[in-house]
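The structure under discussion appears below in the form of structure tokens.
Protein chains: 2
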Amino acid sequence: MTASIESLLMRHEARRLQPLPLPEPVPAESLPTPALVVDRPAMERNLKRMADHLTSHRTGLRAHAKMHKCPVVAHRQLELGAIGICCAKVSEAEVMRAAGIEQILITSPVSSPDKMARVAQLAAQSADVRIVVDDLTMAQQLDAAAREAGTTVRVLVDLDPRMGRTGIARGEPALNLVRGIDQCPNLHFTGLQQYAGHLMHIADAGERRRKALETAAAGIETRDLIIADGHPVDIFTGGGTGTFDIDSEVPEITDIQAGSYVFMDEEYAAIGQGNRPRFEFFEPALFVLVSAISQPKRGMITVDGGFKSFASDSVAPVSRDLPDVRFRFGGDEHGILLLGEEAPEIHLGDRLWMVAPHCDPTINLHDWICPVEADGLVHELWPVSARGCSW
Amino acid sequence: MTASIESLLMRHEARRLQPLPLPEPVPAESLPTPALVVDRPAMERNLKRMADHLTSHRTGLRAHAKMHKCPVVAHRQLELGAIGICCAKVSEAEVMRAAGIEQILITSPVSSPDKMARVAQLAAQSADVRIVVDDLTMAQQLDAAAREAGTTVRVLVDLDPRMGRTGIARGEPALNLVRGIDQCPNLHFTGLQQYAGHLMHIADAGERRRKALETAAAGIETRDLIIADGHPVDIFTGGGTGTFDIDSEVPEITDIQAGSYVFMDEEYAAIGQGNRPRFEFFEPALFVLVSAISQPKRGMITVDGGFKSFASDSVAPVSRDLPDVRFRFGGDEHGILLLGEEAPEIHLGDRLWMVAPHCDPTINLHDWICPVEADGLVHELWPVSARGCSW
Chain A
5 MTASIESLLM
15 RHEARRLQPL
25 PLPEPVPAES
35 LPTPALVVDR
45 PAMERNLKRM
55 ADHLTSHRTG
65 LRAHAKMHKC
75 PVVAHRQLEL
85 GAIGICCAKV
95 SEAEVMRAAG
105 IEQILITSPV
115 SSPDKMARVA
125 QLAAQSADVR
135 IVVDDLTMAQ
145 QLDAAAREAG
155 TTVRVLVDLD
165 PRMGRTGIAR
175 GEPALNLVRG
185 IDQCPNLHFT
195 GLQQYAGHLM
205 HIADAGERRR
215 KALETAAAGI
225 ETRDLIIADG
235 HPVDIFTGGG
245 TGTFDIDSEV
255 PEITDIQAGS
265 YVFMDEEYAA
275 IGQGNRPRFE
285 FFEPALFVLV
295 SAISQPKRGM
305 ITVDGGFKSF
315 ASDSVAPVSR
325 DLPDVRFRFG
335 GDEHGILLLG
345 EEAPEIHLGD
355 RLWMVAPHCD
365 PTINLHDWIC
375 PVEADGLVHE
385 LWPVSARGCS
395 W
Chain B
5 MTASIESLLM
15 RHEARRLQPL
25 PLPEPVPAES
35 LPTPALVVDR
45 PAMERNLKRM
55 ADHLTSHRTG
65 LRAHAKMHKC
75 PVVAHRQLEL
85 GAIGICCAKV
95 SEAEVMRAAG
105 IEQILITSPV
115 SSPDKMARVA
125 QLAAQSADVR
135 IVVDDLTMAQ
145 QLDAAAREAG
155 TTVRVLVDLD
165 PRMGRTGIAR
175 GEPALNLVRG
185 IDQCPNLHFT
195 GLQQYAGHLM
205 HIADAGERRR
215 KALETAAAGI
225 ETRDLIIADG
235 HPVDIFTGGG
245 TGTFDIDSEV
255 PEITDIQAGS
265 YVFMDEEYAA
275 IGQGNRPRFE
285 FFEPALFVLV
295 SAISQPKRGM
305 ITVDGGFKSF
315 ASDSVAPVSR
325 DLPDVRFRFG
335 GDEHGILLLG
345 EEAPEIHLGD
355 RLWMVAPHCD
365 PTINLHDWIC
375 PVEADGLVHE
385 LWPVSARGCS
395 W
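Note that the protein sequences, when read in sequence, are chains A and B.
Residue 155 in this note's numbering is what sits at position 151 of the first sequence, and the numbering runs on without skipping anything.
Residue 384 in this note's numbering is what sits at position 380 of the second sequence, and the numbering runs on without skipping anything.
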């Protein structure tokens, strides 16, 4: 019964997994707005920069697909050498699995029988599906679900880097959980996850570095405790876009879970890097194209994108091209551009490129990514196939 | 060419417009979380309260479908006497039109040739499709698009109630725009819109009332100026959930554009009503059901819904049932419940009902509304058919 609800919710027949070619290429500026647009050459440079950096540091990339929710992007990451992808949710993993991806780590624990049954089904389909656990009772329930499905689920223990979101405390609590998992015949302990999301956006690069290294060291201490107790730790995964160049210096970290680096966003760009005020190793590649639709007052102009086109949890969108223009949300469907003295004239009907404020929840608002190639044209549309898959 | 991109973006074949019956009813608590759940009896009471109130005040309801984006709810509003629906976007109107709805007002101006062509196509399909305009040049371009499509587009002039989002200034500027529209052979002026969104959430009920009546009076002055100049004003539309009982006392207002009243949300409930601290004429009927998934620290517990399940533009979600529990966003996929001394014990796997913080952008995150009937069971799923239709 439960399985059938989930299949109804998923509507497999309605989810497109492949790019949709356009009958003929169109200029980005002619897309109906608001449109989610990717600068494809910038995206490719970002992909290659991360791949090259990690290759030279002998660190794997387990790219976080929660950011893009798009199998087209995930396949490109794998082509460039990623060892696998991460998903935040079971439904997201189901979409990526349906798109042919085998190496999937679900990075958040689950706690209900329906989710555990689905994880077991995924594990039965691919030996390279893994999920984190952070509680023994939940691990035992997952073991029962795996037994029910006649399979083994590979698990990682999620360590809490003192962020207080998910994960078990490092040291003895984590070791005891590993010992408990060892008693579960249908679970297979394969490593540790320590994701320090609270460090990713620390503006002071020195402080970010110090805290990331401290956090890594504390996690490695737990890893060594577990190895000394006789449990091989094949995977020690963690780290993201904000600490990629720090975590990759730590030899014990096998792979990092970066997501945002592909497209970047204003929230990340603003954190700075080293002694530079902007984090520019990766380029902004994700934009929302909006149109000016109304001008009730001089000094401001209204565009057709608001809370339903831009994530509203962090910074405001910023203009890609225009000086002295600030964006203020004007409700669900509108944004108000505040035009300073240096701002150019904007006319009704003009299209404006806004840098995405926070990439993950911005992409999740849209059905399609429109990639603009080097020729300035959109040749195909990429479906955000796992959009809305938060369950 | 443009039309074909839009048809590709829309993917008509993938948009379900009707309820999806479940093979057998299921308890709400067994839905995969996060789930968007509607208390159906509470929704019905809200629908009837608004219908009864407006009927007794001889005011029409032009229900704003941007809130729910769901044809099932729109049809129920029409069954209960709504004179039509509003849409914020052309794509939203296209979905509602495809679901068989004729009476549609698009409440935001458009400024690009592609949108104008689509509006003209909608108008050619139904004489009851209308759109607002607030600029003469744009009106003339819409006139050309209507001529091209061999049809007439009915328009309303959008008045800016000094909110500074869309609309033309009241008085002479509005009159001149009406005169200009009269020169457009393929446009037909049918009335005025004045939507004072900035008044809807004023917490002081006396101030809200005073400002709403002042705003209405200023709009009516412009209406009278236009009528005196020889242009019939059949429609004078405006007002929303926050001022429904004020605007309905103004005989010149033909209909109000309320949306949120159907489901309500915490943002509205907190504004108070009359001398009561909470706005309770309409009941909270929209919830996100989440599961407790991790507890890294005593005094808090992590649930499986964050920025991708709850709107993050206004207040935080609140617990429907539990005392002394506060919600803090824990990122895209997580929420942290802070448990006070009076809070009950919560276990991993427990399901929790959270009141939607802001209904419109919360619904837009989900693919399905799960209505719970009086028997506590979900019998069918309602598609959020116009989800993502922000273009």
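Ideal Cβ placement from N, Cα and C applies to all residues, glycine included.
Apply the 10 Å Cβ neighbour rule to residue i and answer buried if 16 or more other Cβ atoms are within range, or exposed otherwise.
{"i": "H351(B)", "result": "exposed"}
{"i": "H362(A)", "result": "buried"}
{"i": "Q198(A)", "result": "buried"}
{"i": "M5(B)", "result": "Unreliable placement is indicated for M5(B), whose pLDDT of 41 sits below 50; the coordinate value is still reported in the next sentence. Under this definition M5(B) is an exposed residue."}
{"i": "A216(A)", "result": "buried"}
{"i": "I105(A)", "result": "buried"}
{"i": "P327(B)", "result": "exposed"}
{"i": "S8(A)", "result": "exposed"}
{"i": "R169(A)", "result": "buried"}
{"i": "L126(B)", "result": "buried"}
Would you please verify whether the beta carbon of residue i is less than 8 angstroms from any beta carbon of chain B?
{"i": "R169(A)", "result": "yes"}
{"i": "G392(A)", "result": "yes"}
{"i": "L24(A)", "result": "yes"}
{"i": "G353(A)", "result": "yes"}
{"i": "V30(A)", "result": "yes"}
{"i": "P361(A)", "result": "no"}
{"i": "D56(A)", "result": "no"}
{"i": "D139(A)", "result": "yes"}
{"i": "M204(A)", "result": "no"}
{"i": "H338(A)", "result": "yes"}
Please identify the residue among the options whose C-alpha is closest to the C-alpha of residue i.
{"i": "G396(A)", "options": "Q22(A), T63(A), P29(A)", "result": "What is shown of chain A runs 5 to 395, which leaves residue 396(A) out entirely."}
{"i": "Y265(B)", "options": "R15(B), E48(B), E10(B)", "result": "E48(B)"}
{"i": "A103(A)", "options": "G310(A), P387(A), P177(A)", "result": "P387(A)"}
{"i": "R391(B)", "options": "L385(B), P365(B), H383(B)", "result": "P365(B)"}
{"i": "A86(A)", "options": "I260(A), G201(A), K312(A), G310(A)", "result": "I260(A)"}
{"i": "V182(A)", "options": "G168(A), T170(A), V133(A), P236(A)", "result": "P236(A)"}
{"i": "K301(B)", "options": "K119(A), A173(A), H68(A)", "result": "A173(A)"}
{"i": "E83(A)", "options": "M358(A), H72(A), A67(A)", "result": "A67(A)"}
{"i": "G309(B)", "options": "T258(B), I340(B), D325(B), M204(B)", "result": "I340(B)"}
{"i": "L4(B)", "options": "C393(B), T306(B), D317(B)", "result": "This structure does not reach residue 4(B), given that chain B is present from 5 up to 395, and the question cannot be answered."}
{"i": "S11(B)", "options": "I9(A), H16(A), P27(A)", "result": "P27(A)"}
{"i": "D57(A)", "options": "F286(A), P348(A), D317(A)", "result": "It is worth fixing the name first, because residue 57(A) is His in this sequence and not Asp. Nearest option by C-alpha distance: F286(A)."}
{"i": "T411(B)", "options": "D238(B), D249(B), F267(B), Q187(B)", "result": "Any property of residue 411(B) remains undetermined from this structure, which presents chain B solely from 5 to 395."}
{"i": "V123(A)", "options": "V94(A), S115(A), R151(A), G88(A)", "result": "V94(A)"}
Please confirm if residue i has its CB atom under 8 angstroms from at least one CB of chain A.
{"i": "E10(B)", "result": "yes"}
{"i": "G344(B)", "result": "no"}
{"i": "G243(B)", "result": "no"}
{"i": "M5(B)", "result": "For M5(B), the predicted structure reports a pLDDT of 41, less than 50, and the residue's modelled location is therefore unreliable. The matter cannot be settled from this model."}
{"i": "S115(B)", "result": "yes"}
{"i": "N368(B)", "result": "yes"}
{"i": "A3(B)", "result": "Given that chain B is displayed from residue 5 to residue 395, the structure contains no residue 3(B) and the question cannot be resolved."}
{"i": "K312(B)", "result": "yes"}
{"i": "S316(B)", "result": "yes"}
{"i": "D164(B)", "result": "yes"}
{"i": "I297(B)", "result": "yes"}
{"i": "A92(B)", "result": "yes"}
{"i": "L385(B)", "result": "yes"}
{"i": "T155(B)", "result": "no"}
{"i": "M268(B)", "result": "no"}
{"i": "P177(B)", "result": "no"}
TODO: At 4 residues or longer, and completely inside the region 19-67 of chain A: list those alpha helix (DSSP H) runs for me, N to C.
DONE: Unbroken alpha helix (DSSP H) stretches of 4 residues or longer found wholly inside the region 19-67 of chain A: 44-60, given in chain order.
Open item on the list: Using 8 angstroms as the cut-off, can you tell me whether the region 210-228 of chain A makes contact with the region 248-261 of chain A, which would need three or more C-beta pairs spanning the two stretches below that distance?
Closed with: By the criterion of at least three beta-carbon pairs nearer than 8 angstroms, the region 210-228 of chain A is in contact with the region 248-261 of chain A.
TODO: Check whether the region 369-379 of chain B touches the region 371-390 of chain A, counting contact only when three or more Cβ pairs, one atom from each stretch, lie closer than 8 angstroms.
DONE: The region 369-379 of chain B and the region 371-390 of chain A do not touch, with fewer than 3 CB-CB distances between them shorter than 8 angstroms.
Open item on the list: Quick check: the region 292-311 of chain A against the region 50-69 of chain A, are at least 3 beta-carbon pairs closer than 8 angstroms?
Closed with: Short answer: they don't touch.
Open item on the list: Within 8 angstroms, do at least three Cβ pairs link the region 138-146 of chain A to the region 157-174 of chain A?
Closed with: Yes, the region 157-174 of chain A is in contact with the region 138-146 of chain A.
TODO: Report the residue ranges of all beta strand (DSSP E) runs contained in full by the region 107-181 of chain A; include only those spanning at least 3 residues, in chain order.
DONE: Taking only runs of at least 3 residues, the beta strand (DSSP E) segments lying wholly in the region 107-181 of chain A are 108-110, 133-137, 157-162.
Open item on the list: Is it the case that the region 145-154 of chain B contacts the region 268-287 of chain A, given that we only count it when at least three CB pairs across the two stretches are under 8 angstroms?
Closed with: No, because fewer than three Cβ pairs between the region 268-287 of chain A and the region 145-154 of chain B fall closer than 8 angstroms, the two stretches do not touch.
TODO: Determine contact between the region 10-24 of chain A and the region 92-99 of chain A, defined as no fewer than three beta-carbon pairs at a distance below 8 angstroms.
DONE: Contact between the region 10-24 of chain A and the region 92-99 of chain A is present, because at least three Cβ pairs lie under 8 angstroms.
Open item on the list: At 3 residues or longer, what runs of the beta strand (DSSP E) sit wholly inside the region 182-268 of chain B?
Closed with: Runs of the beta strand (DSSP E) lying entirely within the region 182-268 of chain B, each at least 3 residues long, are 191-198, 239-242 in chain order.
Task: Secondary structure, beta strand (DSSP E): runs of 3+ residues fully inside the region 305-379 of chain B - done: Entirely contained in the region 305-379 of chain B, the beta strand (DSSP E) runs reaching 3 residues are, in chain order, 329-333, 339-343, 355-359, 372-376.
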